[in-house]
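S.K.: For reference, the structure I am asking about is given below.
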Amino acid sequence: MTNLKVYNSYTRQKETFIPITPNHVGMYVCGPTVSGESHLGHARGFITFDILYRYLLHLGYKVRYVRNITDAGHFEEEGREAEDKISKKAVVEKLEPMELVQKYTNLFHWAMRQFNNLDPSIEPTATGHIVEQINMINKIIADGYAYAVNGSVYFDVKKYAEKYPYGKLSGRKLDELMETTRDLDNQEEKRNRQDFALWKSAPPEHIMRWTSPWGEGFPGWHIECSAMSTKYLGSEFDIHGGGMDLMFPHHESEIAQSMICNHHLAARYWIHNNMITINGKKMGKSYNNVIRLTEMFSGENPLLVQAYHPMTIRFFILQTHYRSTLDFGNEALQAAEKGLKRLWDAYQALLKMKTDPSKKVNEQIESQFNTLCREMDDFMNDDLNTAKVLANMFQLVNHINSFRSGDLEKTTLSAETLSYTQTQFKTYMEAVLGLKDEAPGGSDKLEGIMKLLIDIRRDAKAKKDYQTSDRIRNQLTEIGISLKDEKDGRVSFSMD
RNA sequence: GGUCAUGUAGCCGAGCGGUUAGGCAUGGGUCUGCAAAACCUUUUACGGCGGUUCGAUUCCGCCCAUGACCUCCA
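What follows is the structure, given as structure tokens:
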């Protein structure tokens, strides 16, 4: 159907994408843990997979995109005292986990909308699938690959590894893990140190708890994804996505759980996005160097010299291939801001462009346009190379502007080429890359006021009353509206 | 320590065995009452040392540096 190739972490090579069921794609992406605010690093992953989702839709696939919300586990909100969780206080004073989960879920959804990310088809929560998780754990126990100890259940990695390639995804060997795994709580319960929890017994102060065959507790970290992906996508589905840092142990464990329950490698294509770094270091909780998304949008973080629009951030991320690290920097963000503006302005100009029968068709430029446009498809098919798509767009931007006022203004494009270019731009800018206008939308009234001001200014200029004309322009600039005298005598305006 | 990546011009970043990626910034110019925007033009980089090759930034080896995972993490 298409020539899409994606890099499969499981096989460590680019592979042609062939869905299990023709024309349909099942895709599971590890979603946020809603015990706190999302940061810039999280955004990269969700934007990356939004691009993949959008591109698959563009190619004509019917896609079921499942992205979970991790709302179960050992939750504490920053700044809250541990004492909150003990029953000394009145109920409404205490930390209510679901209240916290609701707050950050809402905030997450808000941020995703800011980025113009499409909603997943299904967004299941871990707490809504406790039964499925317990059933899955039962199955694993019945098959002899898990054991219960003191109300907790652990997966027997050693036994699994005797029959299955544990560690294949993340390139790990079991014996190496044995030596290097560090001390953790309750290690003594495990038969082997690399075993991981499927179910954890809840200590008395733990508020999130459910009744299970093994006592009151809560599910282990990995089982929710296996349970929910199986439920909504089946025992074998097409794409599993997530950040590279999840490869081990999370995805490796998912593979093991699903293998025992479903007798399949859960997904055919394992796709991982790389990290955002800041001063060369991964942005992450443990490094204490996160920039929350609300801070990115408001500029309120010591690392930021200004606020950045969500579209600037999206564009910034798309200028890099998703499997490379991306280094955060104000200079780079500012460059993205300007670049995006130029790209968007030229795009708007392109949509208004018309062929001019009185001018000669520029054959050489014609063929460049066609090549640059056609290559965009090839670049996306080559493991989603958005960086190259954008590079081509910028080459076209140059030419588009040249037709307006530059070297090419005495020539024109053929109707076919212009139309093809317009279609490709619209497709990639909006449908595939998901970019949209940064500026707040105007209204009829505003348009009317602006027309009036522009007319007054034009009259003043005609009378060489530059004091008045400059006053209008300067004051508009102060309130964030900039006027441009176009070459053809028209005046356009844009808002910050 | 183990495993795996990465090192590209002022900054961010594609990419490849032989041709200018691209964005932003910088210098010069055009246009303009001025400004902004736009256009033209300027800056030829691939960590170090060897090797393979007619030719390597691109392949191989070694070294140096940085990072990721091995623990919650997009």
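The first sequence begins at 68 in this note's numbering and counts up by one. Beta carbons are placed, not taken as given, at the ideal position from N, Cα and C, and that holds for glycine.
(1) Whole angstroms are fine: how far does the CA of residue 318 sit from the CA of residue 358?
(2) Please classify residue 153: does DSSP put it in a helix, a strand, or coil?
(3) Enumerate, from N- to C-terminal direction, the unbroken beta strand (DSSP E) stretches of 3 or more residues contained entirely within the region 364-441.
(4) Can you say whether residue 337 is buried or exposed, counting buried as having 16 or more other CB atoms within 10 angstroms of its CB?
(5) Determine which residues share a DSSP beta bridge with residue 266 and list them.
(6) Between residue 381 and residue 200, what straight-line distance do the alpha-carbon atoms span, to the nearest angstrom?
(7) Where residue 350 and residue 302 are concerned, what is the direct C-alpha to C-alpha distance, given to the nearest angstrom?
(8) Between which two residues does the beta strand (DSSP E) harbouring residue 548 extend?
(9) Determine the burial state of residue 236: buried for a count of at least 16 other Cβ atoms within 10 Å of its Cβ, exposed for fewer.
(10) From 257, 453, 463, pick the residue whose C-alpha is nearest to that of residue 500; which is it?
(11) Going straight from the alpha carbon of residue 304 to that of residue 136, what length do you get?
(12) Between residue 92 and the rest of its own chain, which residues show a CB-CB distance below 8 Å, the 5 nearest in sequence each way excluded?
(13) For residue 225, which of helix, strand or coil comes out of DSSP?
(14) Taking the alpha carbon of residue 544 as the point to measure from, which residue in 554, 328, 520, 556 has its own alpha carbon closest?
(15) Is residue 343 helix, strand or coil when you go by DSSP?
(16) What does DSSP give as the partner residues of residue 359 in its beta bridges?
(17) What are the boundary residues of the alpha helix (DSSP H) that residue 545 is part of?
(18) Would you kindly work out how many angstroms separate the C-alpha atoms of residue 296 and residue 468, rounded to a whole number?
(19) Taking only runs of the beta strand (DSSP E) that begin and end inside the region 292-337, which ones reach a length of at least 3 residues, in chain order?
(20) For the region 261-271 against the region 325-341, do three or more pairs of beta-carbon atoms, one drawn from each stretch, fall closer than 8 Å, so that the two count as touching?
(21) Give me the DSSP bridge partner(s) of residue 82.
(22) Look at the Cβ atom of residue 198, then the Cβ atom of residue 266, and state whether they are nearer than 8 Å.
(23) So if DSSP puts residue 93 in a beta bridge, which residue, or which two residues, is it bridged to?
(24) Which term fits residue 523, buried or exposed, when burial requires 16 or more other beta carbons within 10 angstroms of its beta carbon?
(25) Does the distance from the CB of residue 176 to the CB of residue 291 come in under 8 Å?
(26) I need the boundaries of the alpha helix (DSSP H) containing residue 198, first residue and last residue.
(27) Quick one: what does DSSP say residue 464 is sitting in, helix, strand or coil?
(28) In or out: residue 133 buried (at least 16 other Cβ within 10 Å) or exposed?
(29) For residue 126 versus residue 363, is the C-beta spacing smaller than 8 Å?
(30) Applying the criterion that 16 or more other CB atoms from any shown protein chain within 10 Å of the CB defines a buried residue, is residue 395 buried or exposed?
(31) Figure out for me which residue from 530, 370, 341 has the closest Cα to the Cα of residue 355.
(32) Taking residue 408 as the reference, which of 117, 206, 562 has the closest Cα?
(33) Could you spell out the range, first to last residue, of the beta strand (DSSP E) harbouring residue 277?
(34) Have a look at residue 311 and residue 441 and give me their C-alpha separation to the nearest angstrom.
M.R.: Taking the definition as stated:
(1) Approximately 26 Å, taken between the alpha carbons.
(2) At residue 153, the pLDDT of 40 sits below 50, so the modelled position is not reliable; the number obtained from the coordinates is stated separately. Coil.
(3) 393-395
(4) With 16 or more neighbouring CB atoms inside 10 Å of its own CB, residue 337 falls in the buried class.
(5) 220, 286
(6) 35 Å
(7) 34 Å
(8) Taken as a continuous stretch (DSSP letters only), the beta strand (DSSP E) holding residue 548 covers 548-552.
(9) buried
(10) 453
(11) Cα to Cα, the separation comes out at about 19 Å.
(12) Same-chain partners within the cutoff: 86, 123, 128, 129, 130, 131, 305, 306.
(13) helix
(14) Closest by alpha carbon: 520.
(15) It is a strand residue.
(16) 106
(17) Segment 533-545, the alpha helix (DSSP H) holding residue 545.
(18) Residue 296 and residue 468: Cα-Cα distance of roughly 48 Å.
(19) 304-310
(20) no
(21) 73
(22) no
(23) DSSP output for residue 93 lists 131 as bridge partner(s).
(24) exposed
(25) no
(26) Membership of residue 198 in the alpha helix (DSSP H) is indicated by the continuous run 197-209.
(27) helix
(28) buried
(29) no
(30) buried
(31) 370
(32) 562
(33) 277-279
(34) When rounded, the distance between both Cα atoms is 31 Å.
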